[in-house]
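Top line first, the protein sequences correspond to chains A and X. Take the first sequence: its letter number 210 is residue 320 in the numbering used here, and every next letter is one higher. Take the second sequence: its letter number 216 is residue 326 in the numbering used here, and every next letter is one higher. Please read the structure below before turning to the comments.
Protein chains: 2
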Amino acid sequence: MAKKNDLDEYRVPAFDESGKSKFALAGIDPSSKPFTTGSKDTDRERLAEIGAALDAQQERLHAQRVQRVLLVLQGMDTSGKDGTIRAVFHEVDPLGLRIVPFKAPTLTELAHDFLWRVHSQAPAAGELTIFNRSHYEDVLVPVVLGSMDKDARLRRYRHIRDFELMLAQNGTTIIKCMLHISKDEQRERLQARIDDPTKHWKFDVSDLDARKLWDKYQDAYEEALAATSTDYAPWYVIPADSKTHRNVMVGELLLRAFESLKLEFPPAKESLKGVIVE
Amino acid sequence: MAKKNDLDEYRVPAFDESGKSKFALAGIDPSSKPFTTGSKDTDRERLAEIGAALDAQQERLHAQRVQRVLLVLQGMDTSGKDGTIRAVFHEVDPLGLRIVPFKAPTLTELAHDFLWRVHSQAPAAGELTIFNRSHYEDVLVPVVLGSMDKDARLRRYRHIRDFELMLAQNGTTIIKCMLHISKDEQRERLQARIDDPTKHWKFDVSDLDARKLWDKYQDAYEEALAATSTDYAPWYVIPADSKTHRNVMVGELLLRAFESLKLEFPPAKESLKGVIVE
Numbered sequence: 111m112a113k114k115n116d117l118d119e120y121r122v123p124a125f126d127e128s129g130k131s132k133f134a135l136a137g138i139d140p141s142s143k144p145f146t147t148g149s150k151d152t153d154r155e156r157l158a159e160i161g162a163a164l165d166a167q168q169e170r171l172h173a174q175r176v177q178r179v180l181l182v183l184q185g186m187d188t189s190g191k192d193g194t195i196r197a198v199f200h201e202v203d204p205l206g207l208r209i210v211p212f213k214a215p216t217l218t219e220l221a222h223d224f225l226w227r228v229h230s231q232a233p234a235a236g237e238l239t240i241f242n243r244s245h246y247e248d249v250l251v252p253v254v255l256g257s258m259d260k261d262a263r264l265r266r267y268r269h270i271r272d273f274e275l276m277l278a279q280n281g282t283t284i285i286k287c288m289l290h291i292s293k294d295e296q297r298e299r300l301q302a303r304i305d306d307p308t309k310h311w312k313f314d315v316s317d318l319d320a321r322k323l324w325d326k327y328q329d330a331y332e333e334a335l336a337a338t339s340t341d342y343a344p345w346y347v348i349p350a351d352s353k354t355h356r357n358v359m360v361g362e363l364l365l366r367a368f369e370s371l372k373l374e375f376p377p378a379k380e381s382l383k384g385v386i387v388e
Numbered sequence: 111m112a113k114k115n116d117l118d119e120y121r122v123p124a125f126d127e128s129g130k131s132k133f134a135l136a137g138i139d140p141s142s143k144p145f146t147t148g149s150k151d152t153d154r155e156r157l158a159e160i161g162a163a164l165d166a167q168q169e170r171l172h173a174q175r176v177q178r179v180l181l182v183l184q185g186m187d188t189s190g191k192d193g194t195i196r197a198v199f200h201e202v203d204p205l206g207l208r209i210v211p212f213k214a215p216t217l218t219e220l221a222h223d224f225l226w227r228v229h230s231q232a233p234a235a236g237e238l239t240i241f242n243r244s245h246y247e248d249v250l251v252p253v254v255l256g257s258m259d260k261d262a263r264l265r266r267y268r269h270i271r272d273f274e275l276m277l278a279q280n281g282t283t284i285i286k287c288m289l290h291i292s293k294d295e296q297r298e299r300l301q302a303r304i305d306d307p308t309k310h311w312k313f314d315v316s317d318l319d320a321r322k323l324w325d326k327y328q329d330a331y332e333e334a335l336a337a338t339s340t341d342y343a344p345w346y347v348i349p350a351d352s353k354t355h356r357n358v359m360v361g362e363l364l365l366r367a368f369e370s371l372k373l374e375f376p377p378a379k380e381s382l383k384g385v386i387v388e
C-alpha cells in the first residue's frame, strides 16, 4: 500500500503572489494508480474499510457540532463526480451527509455575485458537505468561452481565496479534488453512453461541445488550481482513468483530513448521572 | 410474508369534514409486528432487498425528472426517526436523497407563517426528500403546551391539507409515517441513553419534560393525524417498538408508493443515434 505521505505529491502547490506557478496539470498521468492496493478487488476492500471509517468519523463530527468538513469535486464531463460520491460515501449515514449539486445558475443566482449561492450552502457545524461542481465552474466556463478577461479572472481567484479563508477560519476543513481523466478515457466513456440507449437521459448532444474545447479547459483548470490552492483549502489532482483508484484516493484523502481533526465524542453530562426515567 | 394490502389497515382514514374521526391511535399496538417476515434475520434480509429496490426506483425518478417523492417522519423522542433513515435508505444513492431535519424554528422562521420554511424544502422534480420532523411539530408542540387554541389548530390543519394538496397536484407523492412506540419502550430507550455516557450528547435533561406530557402528545397526534390524513397525503401508523419491524414496514410502504408511479427510464434520444465521439 502507498505511504500516506504520498498524497501530498498530488497536492497543488499553495498559491504564491510573488512567483510563477510551478504546477503543470499535464505532469500528472490520469492513467496512473499511485494509491491502488494492487487489484480492483483489494481496492474495493480498502474502499469498504475507508467507508466504514468515514462513517465513524462523521458520527463524531455530528456529535461534536463544532467542526465542518467540505469536499469540493470538480472534473470534466464523465470524470466521475457522481460515481465518486456514490462509491466513497455509500457507507456514511445519510443523516450526516449533504450533497449540493451546482447546475447552470438561475436568473436569480446570476443577479448576485458568483459566491452568493455557494455561501448559503456552506456546511454547518457538524456537517459533512460535498459540492458536486462548485464556484469553480465560474472560473472555468466563462474563461474557456472567452466571456471573462484576465483582470476579472484574477479578481475572482482572489475572491475565492478570501472566501475559503473565512470558511476555514470558522472551523471548516476544506478538501478540493480535481478528478483528472485523459481525453481518450473521456471519449470511451461518452461513446459508451451514446451506445447504450438507456443512458441517453444522462446525455445531450451539446455535451460534445465542451469536449471540443478540451485543451482550453485543461489550461483553465491548471491556472485556476494554481491560483486557488492554499494551505487552508488545498487542491488535489486525482488520477481518475481508473474508477477504483479514483475512489480509493479520494477516500484516503478525506479520511486523512478527518483523522487530523482528532474528533472525540463529547464528554458525559454530569446532570444525567444517576437519572432514572419514570 | 404479510399481504401487501395489509398496509392499508395502518392507514389513518381520510379526513372527512362532515363526520367524526373513526381513528384511535391507541387501537394500534406499538409492539405488534404485522410486517415482519418471521425473524430479525429474515427482516434484515428483506430490508436489504427493499433498499436495493428503492435505489433502483430512485434512479428512475432522478432520470425522469418529473415526479417528486416526499416521506414525512414523525414520532415521539426515541421513536427511531434517525434510525429508520439510516436503515431504510442505506442502499439509496446519496446523490438522489435529500434529508431535511426540522429543529426548533429560528427567529427568522418564526417571523413567517409555519409553512414558509417547509415549502422551501419541498422536493424538486426527480428528488426523494425525507422530512425528519416537519410542519406537524407546529400542530403538536403548541397544542400540548397549551399555547394554541382550537380555532387556530383547526385553521392550521386546513392550511396543511391545502398545502399538501398543492404539492400533490404538482407531482409530489407524499407518504407520512408516525413511528408509534409505547411509553414503556420509550422509558427503556431513554434509560439506555442515560446509562451510556458516550450517548449523552444525544440527550438533554429537558427531554424528560416531553415524556411527562406523554398522554397529551398521544392525544395531539391522534387529532392531527385524523385531521390531515388524505387520499393524496395519507398518514400511516408504524408499530415501532421493534426496530427491525419498523424499518421493514416503512420500507415496504415507500417501495409500494414508488411502484405505483410505474417509473421508466426516459426513451433513447434519436439525436444520439449513431453519433461517434471524436
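Built from N, CA and C at the ideal position, the CB exists for glycine as well.
Who does residue i pair with in a DSSP beta bridge?
i, result
"isoleucine 209 of chain X", "X:Ile240"
"proline 349 of chain A", "A:His290"
"isoleucine 285 of chain A", "A:Leu181"
"arginine 121 of chain A", "A:Tyr346"
Contact criterion: CB-CB distance below 8 Å. Does residue i meet it with respect to chain A?
i, result
"isoleucine 209 of chain X", "yes"
"leucine 371 of chain X", "no"
"tryptophan 311 of chain X", "yes"
"lysine 379 of chain X", "yes"
"phenylalanine 368 of chain X", "no"
"asparagine 357 of chain X", "no"
"isoleucine 285 of chain X", "no"
Chain X beta carbons: is any one of them nearer than 8 Å to that of residue i?
i, result
"glutamine 167 of chain A", "no"
"leucine 382 of chain A", "yes"
"proline 396 of chain A", "As displayed, chain A neither begins before 111 nor continues past 388, which places residue 396 of chain A out of reach and without an answer."
"valine 387 of chain A", "yes"
"glutamine 147 of chain A", "The sequence given here places threonine at residue 147 of chain A; glutamine does not occur at that position. Cβ-Cβ to chain X under 8 Å: no for threonine 147 of chain A."
"valine 315 of chain A", "yes"
"phenylalanine 375 of chain A", "yes"
"alanine 214 of chain A", "no"
"alanine 158 of chain A", "no"
"methionine 111 of chain A", "Legend: pLDDT at methionine 111 of chain A = 46, less than 50; position of this residue unreliable, value from coordinates given subsequently. No, because no Cβ of chain X sits closer than 8 Å to the Cβ of methionine 111 of chain A."
"alanine 173 of chain A", "yes"
Along the chain, where does the beta strand (DSSP E) containing residue i start, and where does it finish?
i, result
"valine 182 of chain X", "178-185"
The alpha helix (DSSP H) that contains residue i, what's its start and end?
i, result
"lysine 191 of chain A", "191-198"
"valine 251 of chain X", "251-254"
"phenylalanine 273 of chain A", "260-279"
"histidine 229 of chain X", "226-229"
"glycine 73 of chain X", "This structure gives no information on residue 73 of chain X, because the portion of chain X shown stretches from 111 to 388."
"aspartate 325 of chain X", "324-338"
"glutamate 219 of chain X", "217-220"
Could you tell me whether the region 133-147 of chain X touches the region 342-354 of chain X, using the rule of 3 or more Cβ pairs below 8 Å?
-> yes
Short-range partners of chain A found in the region 180-205 of chain X, where Cβ spacing is below 9 Å = Asp192, Ile195, Arg196, Phe199, His200, Glu201, Val202, Asp203, Pro204 and Leu205
Below 9 Å between beta carbons is the criterion; list the residues of the region 220-249 of chain X that meet it against any residue of chain A, in chain order.
-> Ile240 and Asn242
Check each residue of the region 290-309 of chain A: if its Cβ is closer than 7 Å to any Cβ of chain X, include it; give the result in chain order.
-> Arg297, Leu300, Gln301, Ile304, Pro307 and Thr308
Residues of the region 316-342 of chain X with Cβ closer than 9 Å to any Cβ of chain A, in chain order = Leu318, Arg321 and Lys322
Three or more C-beta pairs below 8 Å linking the region 198-209 of chain A and the region 232-243 of chain A | yes
How do the region 190-204 of chain X and the region 150-163 of chain X stand: do at least 3 beta-carbon pairs fall below 8 Å, yes or no?
-> yes
Does the region 179-195 of chain X come close enough to the region 146-154 of chain X to have 3 or more Cβ pairs within less than 8 Å?
-> no
Count the C-beta pairs between the region 349-361 of chain A and the region 275-295 of chain A that are closer than 8 Å, then say yes if the count reaches three, no if not.
-> yes
Taking one C-beta from the region 248-259 of chain X and one from the region 297-315 of chain X each time, how about it: are there three or more such pairs within less than 8 Å?
-> no
Would you check if the region 370-381 of chain A and the region 169-179 of chain A touch, i.e. whether three or more CB-CB distances between them fall below 8 Å?
-> yes
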